[in-house]
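*Asks:*
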Amino acid sequence: MESAVATGMEQVLAYHQRTKHRLERYAEGPDFLDWDQQPDPFRRYLGTPLIPLPLQFDQLPDPGLHELTSLQSGKALADWGLTELSSLLRHSLGLAAWKVQGPDRWALRCNPSSGNLHPTEGYLAVRGLQGLHDGIYHYAPHEHALELRARFEATTSDTPPTRPMLLMGLSSIAWREAWKYGERAYRYVHLDLGHAIGALAYAAATLGARLTRVNASEAQLVTLMGLDREDDFIGAERERPDLLLKLSDGTHGEEAAKPLEAWLAQARAAQWHGQANTLSSHPSHQWPIIEEVAEATPSSSEPDRIPDQLPALPEPQAMFRESARKLILQRRSAQAFSGKASLPRASFFQLLDSLLPRPDQVPWNSWPYQSRLHLVLFVHRVDDLSPGLYLLIRRQAALPALKEALREEFLWSQVDGAPAHLSLYHLIGADAKRAARRLSCHQDIAASGCFSLGMLAEFDRALEERGPRAYPELFWEAGLIGQVLYLQAEAAGVRGTGIGCFFDDAVHETLGLSGSRFQSLYHFTVGHPKGDDRLQTLPPYQHLQRS
Ligand SMILES: Cc1cc2nc3c(=O)[nH]c(=O)nc-3n(C[C@H](O)[C@H](O)[C@H](O)COP(=O)(O)O)c2cc1C
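According to this note's numbering, the sequence shown holds residues 296 to 842 in order.
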């Protein structure tokens, strides 16, 4: 057992090193893009009963983003109908718009994805929900419908009936990312998963509900999502299971959890339907290292949170009070920034504050793990804040290690006017635009916004404490941070963009870091977006003609 962990760790470290972008050479990827091979972003199970979901949500409460703290006044799951379920999916993994440019047309979703390639698939296991047979469903975002994969038989062992329950499973099709990005794709798959977990947490919170991770082994996950059903995937790209989430409703009472074994027994006994579609006609290069590192990082999920004591989020400024659902639907990645306007300092602090892992705050209430990521900020245009490098510490106990590891000449001065609980340090005054652009693969968006950042993970420590499994989890935490930034940026009247392309060790060298104690895993930028007149935007579900 120990040697399996040791081997897993070596594989993770080797993969991480090997898939670094370097100034002189990008990580291994395809020499050219064979557009005919671009995988279909929509998985379908052909031959399954399709249950269309409603698209009218007027009768649902419409809380502001700032109101989404812990469970509020949501309905009991027993009172959920298809509308609540529909809203959960529509506002997380559903379509947000279509973009059209000349002959090209592509869908955007509420959850962002590296290259808009969307490797993440969503499954539901439900029982006792109004309007739905008990069983296992796949969510089809293009149709905004559920595909009934397995229908549970009624069992006598369930009497008296247990309370209604809803589990949400997430899986990934790495080929969708690998097709374009080659070996680095595993990282993007897991960043995207973090965004998807965040998107689901926000959508659940608008319904007064909460999603938390269920401890399930990989074997249990494949059974529950039907991913081990060889015959259903003939000629189709396989999916890897990632995690299972359980929905807790607004009644506050934690239901006596139906043991996972009971779900699995029903899944095994059920009649399954559907044949997975083929996503690209013949994948030309599979990048085997992705499968190898995935094998080395099996799922497990014992929570380990020891949260810092933090005061409640301060009352938000008026602009942060916008409807959460409206912000979720309008979220987009900025393709370019104006390069001129600045961000009010209060908005900047509010944005950073929302990234602190308060256990009652969305999405951190879905993430029962220690924070292991800290932010290095390249501040370009924030009112009354001198441009330069700053550091936001998200777990106070990491301060000594960061001080020891980062460049000696850094100032570590407190930022005037910042809330006292915000561990925000000024490291160095500088025009950091050139450095930010260069480090983020020469992308202008890292320099032309108000600020950009790198997410520094406590890499060695996480792997030592949680084993190889920590590796994808670090990317999930990074994706969650990204999702908060996307939505909070919209609330602040600006816009964000995730940046997966950066030169890893050049970032580390700039900060004076050596070894793998701290590693930058994801970059992000926020600013005033510049529109693109060449693109036309169409509504997301016009093609369904369903009200
Ligand atoms: C993990 C991740 C990495 C990304 N990396 C980049 C990047 O390096 N450069 C960029 O311009 N956009 C990047 N994006 C933005 C995506 O291209 C964008 O999310 C996608 O095109 C979908 O558009 P939307 O966010 O407006 O829905 C990234 C997004 C994610 C989630």
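Think of the CB as a built atom: it goes at the ideal place given N, C-alpha and C, for glycine as much as any other residue.
Please identify the residue among G430, R338, L461, M463 whose C-alpha is closest to the C-alpha of F447.
*Replies:* Among G430, R338, L461, M463, the Cα nearest to that of F447 belongs to G430.
*Asks:* In angstroms, rounded to a whole number, what distance separates the CA positions of P639 and T302?
*Replies:* 49 angstroms
*Asks:* What does the alpha-carbon distance come out to for the pair Q814 and V802?
*Replies:* Each residue's Cα considered, the two are about 9 angstroms apart.
*Asks:* Taking 6 angstroms as the cut-off, does the CB of P407 come closer than this to any heavy atom belonging to ligand 1?
*Replies:* In this structure, P407 has its CB closer than 6 angstroms to one or more heavy atoms of ligand 1.
*Asks:* Just grab the DSSP bridge partners of N825 for me.
*Replies:* It should be noted that the sequence gives Lys, not Asn, for residue 825. Partner(s): none; K825 has no beta bridge.
*Asks:* Among the candidates P658, E760, S743, L830, whose CA atom is the shortest distance from the CA of P824?
*Replies:* Among P658, E760, S743, L830, the Cα nearest to that of P824 belongs to S743.
*Asks:* Excluding sequence positions up to five away, which residues of its chain have a Cβ less than 8 angstroms from the Cβ of V307?
*Replies:* Counting only residues of its own chain and dropping the five nearest sequence neighbours on each side, V307 has a CB closer than 8 angstroms to the CB of V588, A591, T592, L758, P763, Y766.
*Asks:* One question on the structure: do L694 and Q396 come within less than 7 angstroms of each other, judged by their Cβ atoms?
*Replies:* no
*Asks:* Relative to the C-alpha of T417, which residue among L388, R812, L686, R482 is closest?
*Replies:* It should be noted that the sequence gives Gly, not Thr, for residue 417. It is L388 whose Cα lies nearest to the Cα of G417.
*Asks:* Let me know the secondary structure DSSP gives E442 once reduced to three states.
*Replies:* strand
*Asks:* Would you mind stating whether L506 and A499 have Cβ atoms separated by less than 7 angstroms?
*Replies:* Taking the C-beta atoms as reference points, A499 is found nearer than 7 angstroms to L506.
*Asks:* Between the alpha carbons of M296 and S594, how many angstroms are there, rounded?
*Replies:* Here the model assigns M296 a pLDDT of 48, short of 50, so the residue's position is not dependable and the matter cannot be decided.
*Asks:* Say the cut is 6 angstroms; is the CB of H490 nearer than that to a heavy atom of ligand 1?
*Replies:* yes
*Asks:* Given A629, which residues of its chain have a CB within under 6 angstroms of its CB, disregarding the five upstream and five downstream residues?
*Replies:* R790, T792, P824
*Asks:* Using three-state DSSP, classify R533 as helix, strand or coil.
*Replies:* coil
*Asks:* Using DSSP with H/G/I as helix, E/B as strand and the rest coil, what is R317?
*Replies:* Secondary structure at R317: strand, using DSSP grouped into helix, strand and coil.
*Asks:* Would the beta-carbon of S628 be found less than 6 angstroms away from any heavy atom of ligand 1?
*Replies:* yes
*Asks:* How many angstroms separate the CA atom of I688 from the CA atom of Q604?
*Replies:* The straight-line gap from Cα to Cα measures roughly 14 angstroms.
*Asks:* Verify whether the separation of the beta carbon atoms of L816 and A731 is less than 7 angstroms.
*Replies:* Their beta carbons are not under 7 angstroms apart, which means L816 does not touch A731 by this criterion.
*Asks:* Work out the CA separation of H316 and L519 for me, nearest whole Å.
*Replies:* Whole-angstrom Cα-Cα distance: 37 angstroms.
*Asks:* If you compare alpha carbons, which of Q709, G423, S467, H428 is closest to W771?
*Replies:* S467
*Asks:* At the 7 angstroms Cβ level, is Q312 part of the contact set with chain D, yes or no?
*Replies:* No chain D is present in this structure, which holds just one protein chain.
*Asks:* Pairing CB atoms from the region 364 to 383 with CB atoms from the region 527 to 546, are three or more of them under 8 angstroms?
*Replies:* yes
*Asks:* What does the alpha-carbon distance come out to for the pair Y340 and A309?
*Replies:* 36 angstroms
*Asks:* For T792, is the beta carbon positioned less than 6 angstroms from some heavy atom of ligand 1?
*Replies:* yes
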